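Peer 1: Starting off with a structure, shown below.
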Amino acid sequence: MNLGSIESLAYLYPEGILLLSILAVFLVDLCVDDKERLGNIALVGAALALVFTSGLSFFDIRLIEGLQGAGEGWLFHRMIALDSFAIFFKVILSLSLVGVVWMSLGSREINGPNQGEYYGILLASGLGMFFMASATNLLLAYLSLEFVSLTSYVLTGYLTHNRRSGEAALKYLIYGGVASGTMIYGMSWIFGLTGSLDYTEINAALLQNAPDQLTLFIALVLMLAGFGYKIAAVPFHMWAPDVYHGAPIPVTAFLSVGSKAAGFALLMRFFYPALSQSGDAGMWQFVPGVEWPQLMLIVAMVTMTLGNLAALNQYNVKRLLAYSSIAHAGYILMGFVVLSDEGLRAMLFYIVVYYLMNLGAFIVVMVVANNTGREDLEGFRGLAWRGGALPAAAMAIFLFSLTGLPPLAGFIGKFYLFAAVVKGQFYWLAVVGILNSVVSLYYYARIVKTMFLDQPSDSEGEVTLDPHNGSLLAILSVATVILGVYWAPVFDFADRSTRFFLGS
Amino acid sequence: MDGLLLDIGLRHFLFVSLIVFVLGLYCVLTRKNAIGILLGVELILNSANINYIAFSHFSSGNYDGQVFAIFVIMLAAAEAVIGLAIVLGIYQNFSSIDIEAVDSLQG
Chain A
492 MNLGSIESLA
502 YLYPEGILLL
512 SILAVFLVDL
522 CVDDKERLGN
532 IALVGAALAL
542 VFTSGLSFFD
552 IRLIEGLQGA
562 GEGWLFHRMI
572 ALDSFAIFFK
582 VILSLSLVGV
592 VWMSLGSREI
602 NGPNQGEYYG
612 ILLASGLGMF
622 FMASATNLLL
632 AYLSLEFVSL
642 TSYVLTGYLT
652 HNRRSGEAAL
662 KYLIYGGVAS
672 GTMIYGMSWI
682 FGLTGSLDYT
692 EINAALLQNA
702 PDQLTLFIAL
712 VLMLAGFGYK
722 IAAVPFHMWA
732 PDVYHGAPIP
742 VTAFLSVGSK
752 AAGFALLMRF
762 FYPALSQSGD
772 AGMWQFVPGV
782 EWPQLMLIVA
792 MVTMTLGNLA
802 ALNQYNVKRL
812 LAYSSIAHAG
822 YILMGFVVLS
832 DEGLRAMLFY
842 IVVYYLMNLG
852 AFIVVMVVAN
862 NTGREDLEGF
872 RGLAWRGGAL
882 PAAAMAIFLF
892 SLTGLPPLAG
902 FIGKFYLFAA
912 VVKGQFYWLA
922 VVGILNSVVS
932 LYYYARIVKT
942 MFLDQPSDSE
952 GEVTLDPHNG
962 SLLAILSVAT
972 VILGVYWAPV
982 FDFADRSTRF
992 FLGS
Chain B
6 MDGLLLDIGL
16 RHFLFVSLIV
26 FVLGLYCVLT
36 RKNAIGILLG
46 VELILNSANI
56 NYIAFSHFSS
66 GNYDGQVFAI
76 FVIMLAAAEA
86 VIGLAIVLGI
96 YQNFSSIDIE
106 AVDSLQG
C-alpha cells in the first residue's frame, strides 16, 4: 500500500509551510520598499516549519506509526518515506534554516536591495534538503540533490560585485555539475542491474539476483562521487575550501551545517536500507559481494587526516573551518562503516552537536567580519580585550567542543562515535580518529590563543555585538555546554530515529 | 541489411554511452574555458541518459528510465541557465572566462 499524491499532502505540511513562506518572501519583495522586513518573514516561515516538524515528531508519532503498521509509510507513490529518520533530519534542517536566517539578519554582507531573493532562495534550498532527507527513490534523490545544489550555487554567488564570491560560485558549479553527472551515470548502472529505481526493490533485486560484483562496485563508486561531494569527503572535497572561503558567511554556515546533514541523510538512506539488510541485535549486513564498508573505512580515515593536516597552516578562519568541516565529515563517517544501529545513532547525535558548534563558530567569524571587515586570524587578535569578550568566550567554547574536549557537547558526540567503532572492532579506525583529534587541538587552540593571549594592535577597532547575533550566540553556546552534561533527551531522540521505514 | 540493424543490442548502447561519458570527463579536465567545461558536464549527463533509455528499453520493462531521462534533460537546462549566469558574472568581474585567470581564492 502506498498513498497517492493527494492523500500524501496531509503529511507534508512542514514542506507546505516552507513553500508558502518562499512565495510570501518573493511576493512581498515585489511590493515593499523596506527590504529589512523580508528577513523576518523568512524567519517566521522557518520557525513555523520547525514547530510543525517537531509537532510531527512528538504529537503525530502515533499517527505515523499507525500508518507504518498498515504498511503505508510511503508518500507520493513510494517517492518519499515518512519515518522517524526523515523527521529527525527535518528537525535538524529546519533548525539550521532558523539559525542561518537569524544570523543573516545581523550580517552586513547580506544586507542590501537584493536580500528578498537571498531569503527566498535560502528557504528553497532548505525545502530541497527536506526532500533529500526523505527520498526513497533514485529519481527523487537526484532531483532533490540537484535542487539543493542549484540553489546553493546561486547563494554562493550572491555578492555579485565581489570577485571571490563569483569565483566560489563558478568552482562550486563545475565541481557540483561533474559530481552529480557522475552520480547519475552510476545510478543508471544500478537501474540497469536491478531494473528499478525504488530503494526497496533495489534491495530485493540485489539479494535475489546477485548481479555482477565488479559492475555493482563501480556503480557504487560513481554514485559516491555525488554523495561524497555533498558531505565534502575526500576525494570529492576540493570545492569546499574555495567555496567556504568565497561565499558570504551565512551561506558558508548553511553549507557546512544544512547541506552536510542532508548529504548524510541521503547517504545513510541509500547505503543502509537499499544496500544492506537489517540483522539481529541492531547489526546490519551489507549485500553479499559489495564490500562498501571497507571502501568507506579508507574514505573516513583519509578524509579526517587530510582535513586536519590541511587546516594546520590556514590563516583565514573561514578556510580553516572549511578544512575542519572536511575533517568532521571523516569523524561522522566513522559511525557509518560499523554497520550497526549504534553507529547510526552516534552519527545522528554527532550531526546535532556539529550543528550547534559549527553554526556558533561561523557566527563569531561573522561578528568579527562585520566589525573589522577581516576574516583572517589577524582580525581575531586580542578579540577578548577590545569589546568582544562574549564572542571570544563563545568561540572558545565552540572550538574546544569541535576538538572534543570534555565537558562540552563535542566530547559526548565523539565518545559515542568511538564507542561504536571500538565495539565494531575497528581498532585502527579508532586510533586514527583519536590521533586526528589531537592534531586538531593545535589549530583550534591557536585561534583561542590569538583571541585571549595576544595583545590587540592599536589599528584594530572595537568589536560590538548586535542583539540578533548576541542572543543566537548565547543560545548556541549554552546549548553546547548543556549537551555536554545532560545529553539524554537528544540522544534518545537520535536513538528513536535510527529506524527506517522499509515497507512491509 | 536487416540482420545488421537487429544485431544492435543493449551492449552497443552501453558502449556508446561509456565513450560519451569518458569524452565528457576528458572535456571537463582539459578545457580552460568555463563554457567548455559546462559543455563537458552536458556530455556526462547525456551519457547517463543513453544508459537510462537503453536499460529501460532492453531490460527493465517499465518506463522509469525514460522518465528519469526526461528529468535529467530538464535539470540540465536549469543548470545551464544558472551556469551561464554565473559565468556572465565572472566575465564582469574578471574580464575573462578562462578558469586559470580566475584564481583569487588560494591557500
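If you're matching them up, the sequences are chains A and B in order.
Under the working numbering, the letters of the first sequence match residues 492 to 995, in that order.
Under the working numbering, the letters of the second sequence match residues 6 to 112, in that order.
Ideal Cβ positions, reconstructed from N, Cα and C, are used throughout, including at glycine.
Nothing here was measured: the structure is a model prediction, and the numbers come from that model.
Measure from the alpha carbon of G773 of chain A to the alpha carbon of each residue in A:D986, A:L964 and A:A852, then state which is nearest.
Peer 2: A:D986
Peer 1: Quick check: does the Cβ of G686 of chain A come within less than 8 Å of any heavy atom belonging to the ligand ATP?
Peer 2: The model on display carries no ligand, and the ligand ATP is accordingly not part of it.
Peer 1: To the nearest angstrom, how far is the alpha carbon of L19 of chain B from that of M759 of chain A?
Peer 2: Between the alpha carbons of L19 of chain B and M759 of chain A lies a distance of about 29 Å.
Peer 1: May I ask which residues mark the beginning and end of the alpha helix (DSSP H) holding S439 of chain A?
Peer 2: With chain A represented from 492 up to 995, any question about residue 439 of chain A goes unanswered, as that position is not in the structure.
Peer 1: List the residues of chain B whose Cβ lies closer than 7 Å to the Cβ of T651 of chain A, in chain order.
Peer 2: Correct list: G94.
Peer 1: Against chain B, which members of the stretch 660 to 677 of chain A pass a CB distance test of less than 8 Å?
Peer 2: A660, L661, K662, L664, I665, G668, V669, G672, T673, I675 and Y676
Peer 1: When you compare only the Cα positions, how much space is there between S52 of chain B and A577 of chain A?
Peer 2: Those two C-alpha atoms are separated by around 32 Å.
Peer 1: Kindly identify the DSSP beta-bridge partner or partners of Q776 of chain A.
Peer 2: A:Q768
Peer 1: Considering Cα atoms alone, identify which of A:G530, A:N531 and A:Y644 is closest to A85 of chain B.
Peer 2: A:Y644
Peer 1: Between R655 of chain A and chain B, is any beta-carbon pair separated by less than 9 Å?
Peer 2: yes
Peer 1: Leaving out the 5 sequence neighbours to the left and right, which residues in its chain are closer than 8 Å to S113 of chain B when beta-carbon positions are compared?
Peer 2: Residue numbering for chain B in the displayed model covers 6 to 112; residue 113 of chain B lies beyond these limits and cannot be assessed.
Peer 1: For D108 of chain B, would you say it is in contact with chain A, using Cβ-to-Cβ distances shorter than 9 Å as the test?
Peer 2: yes
Peer 1: Rounding to the nearest angstrom, what Cα-Cα distance links S1001 of chain A and G66 of chain B in this structure?
Peer 2: Residue 1001 of chain A falls outside the range modelled here, since chain A spans only 492 to 995, and no answer is possible.
Peer 1: 9 Å is my cut-off, CB to CB: does F682 of chain A come that close to chain B?
Peer 2: Judged by the 9 Å Cβ criterion, F682 of chain A is in contact with chain B.
Peer 1: Taking DSSP's pairing of strands, which residues face D103 of chain B in a bridge?
Peer 2: Answer is B:N38.
Peer 1: Can you pull the chain A neighbours of S52 of chain B, defined as C-beta to C-beta under 7 Å?
Peer 2: Y676
Peer 1: Measure from the C-beta of D69 of chain B to each C-beta in chain A and report whether the shortest distance is under 9 Å.
Peer 2: With 9 Å as the cut-off, D69 of chain B counts as an interface residue toward chain A.
Peer 1: Which residues, taken in chain order from the stretch 495 to 524 of chain A, show a beta carbon closer than 9 Å to some beta carbon of chain B?
Peer 2: none
Peer 1: Distance cutoff 9 Å, beta carbons only. Does F20 of chain B sit that close to anything in chain A?
Peer 2: no
Peer 1: Quick one, are the C-beta atoms of N861 of chain A and G879 of chain A less than 9 Å apart?
Peer 2: no
Peer 1: Which residue or residues does DSSP assign as beta-bridge partners of L566 of chain A?
Peer 2: A:I571
Peer 1: Using a Cβ-Cβ cutoff of less than 7 Å, which residues in the same chain neighbour M6 of chain B once the five nearest sequence positions on both sides are dropped?
Peer 2: Legend: pLDDT at M6 of chain B = 47, less than 50; position of this residue unreliable, value from coordinates given subsequently. In the same chain as M6 of chain B, and ignoring 5 residues on each side of it, no C-beta atom comes closer than 7 Å to its own.
Peer 1: Out of curiosity, what's the CA-to-CA distance linking E951 of chain A and W876 of chain A?
Peer 2: 11 Å
Peer 1: If you run the structure through DSSP and keep just helix, strand and coil, what is M492 of chain A?
Peer 2: In this predicted model, M492 of chain A has a pLDDT of only 47, less than 50, meaning its place in the structure is not dependable enough to derive any value.
Peer 1: Within the continuous alpha helix (DSSP H) that includes N927 of chain A, where are the two ends?
Peer 2: Y918 to F943
Peer 1: Between A:G780, A:S747, A:A900 and A:F517, which lies nearest to A701 of chain A when the distance is taken from Cα to Cα?
Peer 2: A:G780
Peer 1: Report the three-state DSSP secondary structure of D703 of chain A (helix, strand or coil).
Peer 2: coil
Peer 1: To the nearest angstrom, report how far apart G770 of chain A and A710 of chain A are at their CA atoms.
Peer 2: 25 Å
Peer 1: At the 9 Å Cβ level, is S101 of chain B part of the contact set with chain A, yes or no?
Peer 2: no
Peer 1: Three or more C-beta pairs closer than 8 Å, one from the stretch 846 to 857 of chain A and one from the stretch 737 to 750 of chain A: is that the case here?
Peer 2: yes
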